[in-house]
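Q: Encoded as structure tokens, here's the structure I'll be asking about.
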């Protein structure tokens, strides 16, 4: 109640400082300040932390309970569309306040401290700091701009102070989206640098300045903020307008503005810049930002192994790949702090949501997988500490143990104290598959975040992994439409049974022609809540016969088994192509030839055409569509 009562005071304080900083010019020079000290983030000790994601920036896969069926039916897939789906800011705010008050509590901070962690990274959004003076873009966004989140952020910092934890404030969103992922606030086009960039930059800058004024300059927070990230995961890796040079200029501009706002502070937090997935650091970033005062900034990198090509690795290959980063990180970390700001234990994010946490934990609860998960954890922390530390994504999720530090710790994949190690290491410090002398290893059989404590047996680590046998269960379709049943690592997808359906829209002689693809894509665009369309061709019946599947959520990399086709005798899938529509960008690796070829493949109005599953019968002539055979696409929350 005391926390809720402070809302009005917070709003008044925000309003009082709304025009405190004039809109600065786009200047790349550094600020000449009499610096009396900078934080020890990444230098005084290794950073060992967790992200508190899903709190102030919604991601549906992490907190699916917020995305109720009625909101999803109205198109809610991210915070932008979540607010639109409510259509009533007061009601939306009431729902969000319940979430803010319960998703992370003082008990979480106590548990984080008890685990031996020293840092929390708190993703914040740009709209919580109000409307920037002399800008226009906020009027077209449905976000709350009344500072409703601020009392909860205040409390988070006070809890961190209470439990002796350092805080990184991470600006996770930007106007018009910096990466097209839901974690930017809005899933879809990446328009931060493409549409009204001056306005977008000014709004980002304003939010960052207000953040440091409130949480760094105000002495009541006692220096708990030791780093501020300028912007999470800007899409420098493939966006033509948001280039590396563009973002370096943006970074330097907001750096200068934040430093000016903190000029009276004795010990200033480091300003953190993300590498935009441009790797390696040594050749791409070690000579950038060298004009900034030494010790005032740090680099943030995110290296996940849940998507291609790493998702095809064997367990040993994951370990080798991880330990192979050590030299790069050690070299680059010696230049200035480099912290692995996001990573996880996931090695194949085929579907990042399960019905329950126990469901997910048990799907991986065999001796071989359990042993690997603990070894994978030890390999990653050892490697990332060759630089300046790490921050796991995330402290908790609703349904994924390999993305939830809290539940991975309960399962035994992560030790109850992060400094503990059980595996022997090789000469390079990389964990082998042999336990160190005197060490033992056991795992809980089940871990459910809401369940009462139970007595459990242990799973040993000596037996071989059981063989998973897929079970295909046909689903009855309404109105004579075709339903599908599809498998993910031997587990049937809840999305396949609850939100996927196939409607036969086109029958033609030309497979993958513009008319079929465009019709299917347009059907998705015209359907509320549709995230992806899939065009499927069967080998039964008339040549070229196809159906169009529409999904409320975009499918992730999966093995799909179709139990019915467009003929009375069923139909074996020949080839399936997905047409990404409304689902935001996918992270991919492609060469220049593939980029050029894509322009020839994708008709206007269709964002991408790409293979979803391997052909099982006749094959499309990939020589005619080189982008199809040379490009690797992956779905899912690649980044946070």
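In mature numbering (1 follows the signal peptide of the UniProt record, and there is no 0), the protein residues as written are -20 to -1, 1 to 620.
C-beta: ideal position from N, C-alpha, C; glycine also.
Considering only C-alpha positions, which residue in the set 48, 225, 271 is nearest to residue 255?
A: When only C-alpha atoms are compared, the closest one is 225.
Q: State the beta-bridge partners of residue 370 as determined by DSSP.
A: According to DSSP, residue 370 bridges with 28, 320.
Q: According to DSSP, simplified to helix, strand and coil, what is residue 181?
A: DSSP places residue 181 in helix when its eight states are reduced to three.
Q: Since residue 97 contacts residue 151 with CB under 8 angstroms, what's their CB separation in whole angstroms?
A: Residue 97 to residue 151, Cβ: 22 angstroms. No contact.
Q: Could you check what DSSP says for residue 540 in three-state terms: helix, strand or coil?
A: For residue 540, the predicted model reports a pLDDT of 34, less than 50, meaning its position is unreliable and no value from the coordinates is stated.
Q: In the structure shown, what three-state DSSP assignment does residue 197 receive?
A: Correct three-state label for residue 197: helix.
Q: Below 8 angstroms CB to CB, which residues in the same chain sit around residue 406 once its five sequence neighbours on both sides are set aside?
A: Hits under 8 angstroms: 412.
Q: If we call anything under 8 angstroms between Cβ atoms a contact, is residue 197 one with residue 241?
A: Yes, the Cβ-Cβ distance between residue 197 and residue 241 is below 8 angstroms.
Q: DSSP has residue 103 in a bridge; who is on the other side?
A: Bridge partners of residue 103: 150.
Q: Ignoring anything shorter than 3 residues or poking outside the stretch 253 to 303, list the beta strand (DSSP E) runs there in chain order.
A: The stretch 253 to 303 contains these whole beta strand (DSSP E) runs: 277 to 282.
Q: Which runs of the alpha helix (DSSP H) at least 4 residues long sit entirely within the stretch 119 to 144? Give them in chain order.
A: Those alpha helix (DSSP H) runs which fall completely within the stretch 119 to 144 and span 4+ residues are 130 to 142.
Q: Can you tell me where the beta strand (DSSP E) with residue 404 in it begins and where it stops?
A: Element bounds for residue 404: 403 to 405.
Q: Could you tell me which residues DSSP puts in a beta bridge with residue 411?
A: In DSSP, residue 411 forms a bridge with 405.
Q: Taking DSSP as the reference, what is the three-state secondary structure of residue 109?
A: Reduced to three states, the DSSP call for residue 109 is helix.
Q: For residue 312 and residue 262, which I take to be in contact (beta-carbon distance under 8 angstroms), what is that distance rounded to the nearest angstrom?
A: Residue 312 to residue 262, Cβ: 5 angstroms. Contact.
Q: Please report the Cβ distance between residue 214 and residue 159, rounded to the nearest whole angstrom; I am assuming they are in contact, meaning their Cβ atoms lie under 8 angstroms.
A: The Cβ separation is near 6 angstroms, so the contact holds.
Q: Does the distance from the C-beta atom of residue 624 to that of residue 234 stay below 8 angstroms?
A: As shown, the chain starts at -20 and ends at 620. That puts residue 624 outside it, with no answer to give.
Q: Taking the continuous alpha helix (DSSP H) assigned at residue 206, which residues delimit it?
A: Per DSSP, residue 206 belongs to no alpha helix (DSSP H); it is in the beta strand (DSSP E), 205 to 209.
Q: Decide if the stretch 394 to 403 is in contact with the stretch 353 to 362; the criterion is three or more beta carbon pairs, one per stretch, under 8 angstroms apart.
A: Yes, they touch.
Q: State buried or exposed for residue 321, treating a residue as buried only when at least 16 other CB atoms are found within 10 Å of its CB.
A: Counting Cβ neighbours within 10 Å, residue 321 comes out buried, since at least 16 surround it.
Q: Does DSSP classify residue 349 as helix, strand or coil?
A: In the structure shown, residue 349 sits in a helix (DSSP, three-state: H, G or I).
Q: What does a CB cutoff of less than 6 angstroms around residue 59 pick up in its chain, not counting 5 residues either side in sequence?
A: Here the set comprises 38, 165.
Q: Out of 149, 144, 89, 156, state which residue places its alpha-carbon closest to the alpha-carbon of residue 120.
A: Cα-wise, what sits closest to residue 120 is 156.
Q: How close, in whole Å, do the beta carbons of residue 144 and residue 93 come, if the pair is a contact with beta carbons under 8 angstroms?
A: Contact flag correct, Cβ pair sits at about 6 angstroms.
Q: Does the Cβ of residue 386 have 16 or more other Cβ atoms within 10 Å, making it buried, or fewer, making it exposed?
A: Its Cβ being crowded by 16 or more others within 10 Å, residue 386 is buried.
Q: Below 8 angstroms, how does it come out for the stretch 20 to 35 and the stretch 371 to 390: are there three or more Cβ pairs, yes or no?
A: In short, these stretches touch, since the Cβ pair count reaches three.
Q: Rounding to the nearest angstrom, what Cα-Cα distance links residue 219 and residue 374 in this structure?
A: Roughly 27 angstroms between the two C-alpha positions.
Q: Between which two residues does the alpha helix (DSSP H) harbouring residue 89 extend?
A: Where residue 89 is concerned, the enclosing alpha helix (DSSP H) stretches over 86 to 94.
Q: Mind checking whether residue 397 and residue 27 have CB atoms under 8 angstroms apart?
A: It is not a contact, given that the beta carbons lie outside the stated cut-off.
Q: Is residue 99 closer than 8 angstroms to residue 281 when the C-beta atoms are compared?
A: No.
Q: Return helix, strand or coil for residue 305, following the three-state DSSP convention.
A: It is coil, neither helix nor strand.
Q: Applying the criterion that 16 or more other CB atoms from any shown protein chain within 10 Å of the CB defines a buried residue, is residue 194 buried or exposed?
A: Burial call: buried.
Q: If distances are taken between C-alpha atoms only, which option among 378, 317, 377, 390 comes closest to residue 25?
A: The shortest C-alpha separation from residue 25 is found at 317.
Q: Tell me which same chain residues have a C-beta within less than 6 angstroms of the C-beta of residue 134, skipping the five on either side of it?
A: Same-chain partners within the cutoff: there are none.
Q: Return helix, strand or coil for residue 670, following the three-state DSSP convention.
A: A query on residue 670 cannot be resolved here, the shown segment of the chain reaching from -20 to 620 and no further.
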